[in-house]
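Q:
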Amino acid sequence: MFGIPGKAAVTLTPAATRQIAKLMARDGSQGLRIGVKKGGCAGMEYTMDYVKEVNPLDEVVEQDGARVLIAPMAQMFLIGTEIDYEVDLLHAGFKFRNPNVAEACGCGESIKFKDAPAA
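Under the working numbering, the first residue of the sequence shown carries the number 866, and numbering increases by one thereafter.
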């Protein structure tokens, strides 16, 4: 829908690919759907859900056995995002490196997107 022909809307690091493939196998899902919703102190939050059925309007990114589906309303916010999976002493989770984010809250759970350029 909003993608660049011949280029994946998002990229996955090897760690993210392994984790997503593991989650798909464990849950028997078709992949993980990524979206955005209003919420958090910065205004928007990422969402991730297991997918049992692919929506024909989803942007599908497949890489090394992992499948990420981008919800239609989130596609314009996620173009160019790199998804990683990080594990440290206190936390394990997906990390979004999104060039469309203007700022994030202190806890890192919510984001604010850059304004669209005026026409």
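Heads up, the beta-carbon is just placed ideally off N, CA and C, and yes, glycines get one too.
Keep in mind it's a predicted model, so treat the numbers as computed, not measured.
1) Checking 8 Å against the spacing of the C-beta atoms, do residue 947 and residue 878 come in under that value?
2) Can you name the residues that DSSP bridges to residue 978?
3) What's the C-alpha gap between residue 943 and residue 963?
4) Should residue 923 be labelled buried (16 or more other beta-carbon atoms within 10 Å of its own) or exposed?
5) Could you tell me the alpha carbon to alpha carbon distance between residue 888 and residue 910, rounded to whole angstroms?
6) Thinking just about the alpha-carbon of each residue, which of 912, 928, 908, 932 is nearest to the one in residue 919?
A: Walking through what the data contain:
1) Locating residue 947 in the sequence shown gives position 82, where the first residue counts as 1. Locating residue 878 in the sequence shown gives position 13, where the first residue counts as 1. Yes, the pair counts as a contact, with Cβ atoms nearer than the cut-off.
2) The residue labelled residue 978 in the question sits at position 113 within the sequence shown. In the DSSP output, where bridge partners are listed per residue, residue 978 has 966.
3) Working through the sequence shown from its first residue, we reach residue 943 at position 78. Working through the sequence shown from its first residue, we reach residue 963 at position 98. Using only the alpha carbons, I get a separation of about 7 Å.
4) Translated into the one-based positions of the sequence shown, residue 923 becomes position 58. Under this definition residue 923 is a buried residue.
5) Translated into positions along the sequence shown, residue 888 becomes position 23. Translated into positions along the sequence shown, residue 910 becomes position 45. Using only the alpha carbons, I get a separation of about 21 Å.
6) Here residue 919 is taken as the residue at index 54 of the sequence shown, counted from 1. In terms of CA proximity to residue 919, 932 leads the group 912, 928, 908, 932.
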